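In the numbering used here, the protein residues as written are 30 to 145.
Listed below in structure tokens is the structure:
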């Protein structure tokens, strides 16, 4: 359907993954199989679902996968906020990531609306 590599939202989501992986290096090793693992799976899910949806045969299917990506973005925001609440990472280290999540959700909403 779409060449997903040309989608701005996919590129923003890939940027988010890069930033998350760098941030995860700051978390303690004892979170390796807990929060770090969950955050990494969650953030990778965002561009993956955008790509999968773009590769589907209909706008309806694409919207479905965009909806899943939006859910993953919201899940990621929650997990990043948890790192702040648990004092694992300073808020100044997560502000850019949280802003990027908001931007991706806005782009996602606009893309879904354009597919209607």
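Just so it is clear, CB atoms sit at the ideal spot from N, CA and C, and this is done for glycine as well.
The structure presented is a predicted model; accordingly, all values stated were derived computationally and were not measured.
7 Å Cβ cutoff met for residue i and residue j
i, j, result
"residue 102", "residue 133", "yes"
"residue 45", "residue 129", "yes"
"residue 95", "residue 141", "yes"
"residue 72", "residue 36", "no"
"residue 68", "residue 108", "yes"
"residue 91", "residue 52", "no"
"residue 42", "residue 65", "no"
Residue i - containing alpha helix (DSSP H), residue span
i, result
"residue 50", "37-53"
Expected contact under 8 Å - CB spacing of residue i and residue j to nearest Å
i, j, result
"residue 39", "residue 79", "5 Å"
"residue 122", "residue 55", "7 Å"
"residue 83", "residue 138", "With 8 Å as the limit, residue 83 and residue 138 do not qualify as a contact, their Cβ atoms being about 16 Å apart."
"residue 117", "residue 60", "7 Å"
Next item on the list: Identify every run of the alpha helix (DSSP H) within the stretch 83-126, keeping only runs that are complete inside it and at least 4 residues long; order them along the chain.
Entry: The qualifying runs are 88-114.
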